[in-house]
Structures are given as C-alpha cells and as structure tokens.
Amino acid sequence: MNALVHFRAVSKLFGNDVAVSDVNFEIPRGQITALIGPSGCGKSTILRLIVGLIAPDTGEIKFDGEAIAPGTIMKIRRRLGYVIQDGGLFPHLTARRNLALQSTLFGKNRDEIEKRIVELCALTKFPSNGLDRYPLELSGGQRQRVSLMRALMLSPELLLLDEPFAALDPLVRVNLQRDLKEICAQLQQTVLVVTHDLPEAAFLADDIVLLNQGHIVQRGSIADLRARPTNEFARQFINAQRSLVTL
Amino acid sequence: MNAGSRKGCFQAADLTKRRSGDRRSLMASLLLLATAISASADPIIIGSKKFTESYVLAEIAKRSLENAGIKADHRQGMGGTIILWEALRGGGIDVYPEYTGTIAEEVLKQPGVSTTQIRNALSAQGIGMTDDLGFNNTYGLVMRRDQADRLAIKTISDLRAHPKLKFGLTHEFLERHDGWRPLSERYQLAPVQVLGIDHALGYSALAKGEIDVKDAYSTDAKIGDYGLVTLIDDLKFFPQYKAVFLYRKTLSPQAAHALNNLSNSIDESRMIRLNSEAERTKNYAAAAQQFFGATERANVFVSETLGSKMLRWITRHLELAGISLLLAIAVGLPLGIIASRGGPIGHTILGIAGVIQTIPSLALLALLVPLPFFGISARTAIVALFLYGLLPIVRNTASGLQDIPKPLRESAIALGLTAGQRLRKIFLPLASRSILSGIKTSAVINIGTATLAALIGAGGLGEPIISGLNLNDHVTILEGAIPAALLALLVQFLFDLLDRILIPRGLRL
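Order-wise, the sequence lines are chains A and B. The opening residue of the first sequence carries number 499 in our numbering; numbering runs sequentially from there. The opening residue of the second sequence carries number 41 in our numbering; numbering runs sequentially from there.
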C-alpha cells in the first residue's frame, strides 16, 4: 500500500535558523508514526507544513498524491484532524459547539452531527453531560478528549497530534495514551504524533522517526533504535530516558 | 435715535396695534399670505453668535420676517464669526446679524474700508447687507468703576502706568486682527498677566475682582449692571462696529425688504435695554417682543415649556450621538480588522484615527463647516462625532483581534475554515469583550462631545449649556449638563447589560 503523505527534499528556514533541512520521508497508511527528538529539532515544523500553517522554502509535500499548495490546502485541511498541546478549543463555544462548528459550516445536517457526537463520546469515553460545558469548565484531560473528538468529527484520513498529552498529569496521561491507542487501532487510523517523550512514542507507535537539528537521524521500531543507534546523538537520546527499573 | 428710525418704529407699532384688533382673521390671512409668498415653504434660517445681542437681533429679524408672513427659524448661538460666515456663504443659514468692523477685519481682511466698499465686496459673493440698524457696538476695555476712579484711569493710555492689572480677555478678542495684539502694540501695553476667558464668565470674574480689565461690547447690558466703566479709546484704535444683517441675495425681495425695514430702528441705549431685558428674563424672544411693542406680548409667542424643550434637546442629542455611533461602528469595525493585520496599512489607520482624536472638537467643527456638504447642520455635527468615535473602536477591535492566542488562531486555520468563517465564528467573538468596551468608550465620548454640536446650530443638550454660559445662568447650564451626565450614565449602564448579552458566557468564566 502506498503512503498517504510524501515529503521530498523539504527544507524550511526561519530567518537564518534551519527548521527542517532536506527532509525525505513518508507517512504509511493505517498506522501510528511518531516523530521524536529534542525541542527545536523540527518535529512540530513537519506537522505545521502538512497543515499548511507554513510553506516549505524548497521541496514538495504530497498528500494522497496531491501537492500541498495554496490552491489545494483548503480541501486537504478538511481531510486532516489536528490536535495541539492544550487542545485549541475555542473558549467562547461549548464542547458540543466546538465539535459541531466545522461540520455545520461545511453543511452537514443537525441529526448527522448529533449522531456523530454520540458515537465519538462513546469512542473517547467522554461523558455526554460534559458536552454543554465551556472549555474552561472542563479538566485538562477532558479538554484533550473533546479536542480529539473534534479532530475525528469528519473521519479524517490523517490525524496529526502535536504533543497532545504534554500538559497533563501522569495518571491522566497514561489513561489517554491507552485510550488513544485503542481508538486508533479500532479505526485503523493513520496518525502522525509529535512527542519529545520516548516511552510515549514507543507505547503508541511501532514506527519512530528520530529527528535532530532539522534532519532525520534514524527511523525504525523502538527495538531497532535501542539495538542499533546510527550515531552518537541517537545513542545518547535513547539512553537519556531513565526507566524506573534502573533507579 | 434719529427721526427716521423713530418713524419706522411708530409705523411698526401702529401695524401691530391694528393686527391685535382682529387677531383670528389676521392670522388666517397671514397664513394665506405666507403660503402665497413662499411657495417653497422652506423657512428662512437665521443664525446668531453666542452672545446676548446676537441672539436678540436674530429674534428681532425672525419676528419681522414672520410679521411679513415669511416663515423663519433661528439657529441660536453658533460658534463664531467664521462659522456663521461660512454657513451663510454655503447656504446653511440665510441671515445673521454682523458688525461692519468685523466684516472688514475678519471676513474681508481689509481693515478700514468704507461701507460702500464692504457692500460691493459682499455683493460679489452673493451676500447682501442691510443699512446699519442704528447703533455702533464697538469693542472697548472695561474696568470696575471704583478701581478706575482710585487709580485715575480714564483712557486706555492710562493703563500703561499700571502693568500689574490683570487682563481677562475673550479668546476671540485675543486672536482678532482688530483685537488684543494690535491694540497692545498701539497703546504700548505690556501687562504682566493676560488670561483667556469666556465673555459671560469674564464679567463675573471682573465683578469678583479676579480680573481687573476685560474686553466688552459697548452695548453690553452688564456694563451698567455691574457698575463698570468703559475706558476712552483715546488713540481711536477700534473701528466702527455698526450692526447690520447679512443675508443671501437669493432671499425673496419681500424678505430682504422686511430686514431692511429694521435699519435705523435701534439706537445704542435701546440695544442696551433689550440686552438687559434678555439677560434679566433669560428669554431672547421676550426681549425681541419688547422691541415690537408690548401689545403683542400675550399672543403669537408661546414660550415652550421646560418639559417639551427638554424632550427636544434630548431627542436631538440622542439622534446626534446615536447616528454618529452607528457610523463609527460600521466604519471602525472593518478598519479595526484591517489594522489588526499590522503592516504599514494597519499602522497608518491607527495613526490617522489617533491624530483625529487630538484635534480639539471645536476646531474640528470649524474645519468641517466650510466644506461642501457640511455647513451648519446636524450632518456636520454627526460627522465630527463619528470621527471622534472612530479611534476607540478601531483600536479596541485591532488589539482584541491581535490578542487572540496563536494556538487558537492556528486551530481555526487547521479546521479548514475560510478566512471569513474564521473571522465571524471565531475571531470576532473572541475579541468581543475588547470591541464592546471600545464601542462603550465611543458612546460615552459622543454623549459628552455632542454638547458642542449646539455651537454650529445643530441643537441638543449643548443648547441650554451654551446659552446658560452666555447668560452666566447656572440653572440654564444645569438644564443641559444634568441630562447630559445622566445620559452618559444610562449609556454606561446599558452597555454593562449588553456585555452580558453579547459576550459569550464561555469568555466570562
């Protein structure tokens, strides 16, 4: 099966700083791919390039065979789901209206939308009595569940998660990681998740892409990365993760 | 008073007597006459400056036009010579009382020209001038009589020996070409202290001893009332200020005739009495009434009750402030949205809106009056208020939008919403609190500033304020000031309510 997204020789500078440099990679369908690396390594930039929040200086990105460009981005965005660290929910809308916003504007009818919301509540284990609360009335974990639901509303082909659990406390985070993995398996969802947390990447994805200073250093399963780090940076990054077992 | 003017007066009195004989049928025939004469029923608009004599003369003109069966309206107490002159030239008003000296110095800028030269110069601009009304209201400097006697000051030259006397002069006199600067040069006066002060307030300051010398019109009633003395203009500095009516040549011959009939009918002592009557009764129309004789006192002029005046002022005030606010919202919101994107255009918009705010409101009015489409009208006042209302709305809209956190901005983009959808559904609601508080600021500013609209004859609660200021009558001032303050409070309260309705609950948590 061919990949959903292709990066070909993509470079992006912010001023004189390299964000990503000559990146070539693809996102296979139906699986979770994790982008990992230290902060500033370019992992978020890759997500933002796909969403079209920024444009590459050189190179080409294709989504399902179609180049991401000003003329195509609006259509492509509707085939993506995007979740950011603190959810990005709109504070002036209730959870329900945050969920319905996009579908309503795209002309879906009310019943269809309601049905989808009920489905997603069950899927994400979100209590339906929370739907009429405003984001500020929800806990951090609940906000992320709503945010995930909002991203899944239109059954996107690609789910993009940018440090989705970084701001949550450990217990909530573990629950959400587990639920997310389940949901994605159930939906056979194509996912690209950005994280700086190696255990999280290892738990969610079999396919880990390690980045440093805008370059892809290594790609493979956690076992590959541990057994055969390709350079000194990869070895250090992987060994920097302390496990409770070694303490 | 010369024989001619006395004759004219007697004739007028005779006419009024006859008229009161059979009032009812006369009113009917007057009505018929009026409709016959002015097929276009537009009333003649008479303007006046904001001092007693100008109000009284305008009322006299109004009454004599009405007596000739011509409808007339009086726009009271407009901002100053330049505003009235431009309004007359532009057709905003048809008639106003003026003084020959002022015309020569301020309008034509040709000091010392003869009456004939003035008449010809005005005629070339489509403006007619009546013969003089019979008195010379020149400028003069006045002092308290006891102080002048004690210091032995009789002439303006005598002031030279007393540089410590405090001068309180009107702003107009300070700036005039025939005013303070050339006067002080001619007389070599160099007083230590010269203050700018309103005309009516200056009189009470003088009476209380807060100032010692002030400029006055020679027919001011207060000169007698406060026991003041006019210093002799021993160097003959002040030109003649003979009162005349200026009128547009497009006026009907009947109307021009009615105005010309007033020439040589008021001498100085009579004018002083009329001014004094106006200030005593606080009623200009009543003073004009006195000019036409007591017989008519009971009819025709029905003094408006305070309630109906108040209603008229408040309605007009709300009209001025409301329409200008709606315009400011309609224009300010889009400008704010554009400005929120920054860049040279955004900076320019905010810069221009800021500069407008710094123009003093009276100056802005005076700048707008001479422009085409404006003139002396509510329209001008609304435009000025609209311009003042812009900045708070533009600035708050721009900053409200700029303050939206980047993650929310990007989430809206990532959802695939179009720019218009993002703005309507996300960004404007998120900025609603800031936008609404900008609108509230504008509304409160507009309610306050709308009092200045009266200076260009646009009415509103400024009417009693300005007329009270002129009469130094606190009650009249409060008739305007209290409702204006209450309106501002009411607006504030309404906006607080609106806050709860318009700002999404999720933003108020």
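Ideal placement from N, C-alpha and C gives every residue a C-beta, glycine not left out.
Contact under 9 Å by Cβ, residue i with residue j
| i | j | result |
| --- | --- | --- |
| B/D274 | B/T195 | yes |
| B/V423 | B/S364 | yes |
| B/A551 | B/K149 | Nothing can be reported for residue 551 of chain B: it is not among the residues displayed for chain B, which extend from 41 to 549. |
| B/V531 | B/A483 | yes |
| B/I496 | B/I505 | no |
| B/S154 | B/H114 | no |
| B/G429 | B/A525 | no |
| A/L587 | A/G639 | no |
Secondary structure of residue i, DSSP reduced to three states
| i | result |
| --- | --- |
| B/G61 | Residue confidence for B/G61 is low, a pLDDT of 40 falling below 50, so the modelled location carries little weight; the figure read from the coordinates is stated next. In the structure shown, B/G61 sits in a helix (DSSP, three-state: H, G or I). |
| A/T556 | strand |
| B/E336 | No answer about B/E336 holds up, because its pLDDT of 42 lies below 50 and its placement is not dependable. |
| B/V234 | strand |
| B/H217 | coil |
| B/L411 | coil |
| B/F278 | coil |
| B/G87 | strand |
| B/G440 | helix |
| B/H202 | coil |
| A/H694 | coil |
| B/A498 | coil |
| A/M651 | coil |
| A/V689 | strand |
| A/D722 | helix |
| B/T75 | In this prediction, B/T75 scores a pLDDT of 42, lower than 50, which makes its location untrustworthy; no coordinate-derived value is stated. |
| B/S224 | helix |
| B/T355 | helix |
| A/K613 | helix |
| B/E153 | According to the sequence provided, residue 153 of chain B is Val. The question's Glu does not apply to it. Coil, per DSSP. |
| A/Q716 | strand |
| B/R288 | strand |
| A/H504 | strand |
Own chain residues within Cβ distance below 8 Å of residue i, not counting five before or after
| i | result |
| --- | --- |
| A/Q529 | T688, V689, A703, D704 and D705 |
| A/C619 | P625, S626, L629 and M647 |
| B/N300 | T170 and D171 |
| A/R594 | I615, L629 and D630 |
| B/I453 | R462 |
| A/I582 | S645, D660, E661 and P662 |
| B/Q165 | R129 |
| B/T259 | E93, F175, N177, E308, M311, I312 and N315 |
Cα-Cα separation between residue i and residue j, rounded to whole angstroms
| i | j | result |
| --- | --- | --- |
| B/G208 | B/R184 | 13 Å |
| B/N176 | B/G168 | 19 Å |
| B/L246 | B/E319 | 17 Å |
| A/R631 | A/S637 | 11 Å |
| B/R226 | B/M350 | 48 Å |
| B/Q523 | B/L534 | In the sequence on display, residue 523 of chain B carries Pro and not Gln. Distance between the alpha carbons of B/P523 and B/L534: 16 Å. |
| A/E730 | A/R724 | 12 Å |
| B/Y257 | B/S316 | 13 Å |
| A/T592 | B/G372 | 29 Å |
| B/L411 | B/K289 | 21 Å |
| A/L502 | A/P554 | 18 Å |
| B/G180 | B/D255 | 6 Å |
| B/Q187 | B/S244 | 16 Å |
| B/I475 | B/N436 | 5 Å |
| B/L549 | A/P668 | 27 Å |
| B/L28 | B/V434 | Residue 28 of chain B lies beyond the range of chain B shown here (41 to 549); nothing can be said about it. |
| B/T210 | B/D238 | 5 Å |
| B/I158 | B/T142 | 11 Å |
| B/H357 | B/T420 | 14 Å |
7 Å Cβ shell around residue i - same chain, five flanking residues per side excluded
| i | result |
| --- | --- |
| B/L23 | For residue 23 of chain B there is no data in the structure shown, the boundaries of chain B being 41 and 549. |
| A/I720 | A700 and I706 |
| B/A528 | V484, I487 and G488 |
| B/L105 | I84, A112, A295 and A298 |
| A/I571 | G550 |
| A/T693 | A532, I534, E661 and A699 |
Chain-ordered chain D contacts of residue i [CB-CB under 7 Å]
| i | result |
| --- | --- |
| B/I453 | As a matter of chain content, chain D is missing from the structure shown, whose protein chains are A and B. |
Spatial neighbours of residue i in its chain, beta-carbon cut-off 6 Å, leaving aside the 5 residues before and after
| i | result |
| --- | --- |
| B/E145 | P151, H217 and D218 |
| B/G242 | G208 and K254 |
>> Any C-beta of chain A within less than 9 Å: which residues of the stretch 455–474 of chain B qualify?
In response: L455, G456, L457, T458, Q461, K465, I466, P469, L470 and S472
> Using a beta-carbon distance cut-off of less than 7 Å, what residues from the stretch 438–452 of chain B approach chain A?
Replying inline: P447, L448, E450 and S451
> Mind listing which residues of the stretch 524–545 of chain B have their C-beta closer than 9 Å to chain A's C-betas, in chain order?
Replying inline: I543, P544 and R545
> In the stretch 589–600 of chain A, which residues sit with their C-beta less than 8 Å from some C-beta in chain B, listed in chain order?
Replying inline: P589, H590, L591, T592, L599 and Q600
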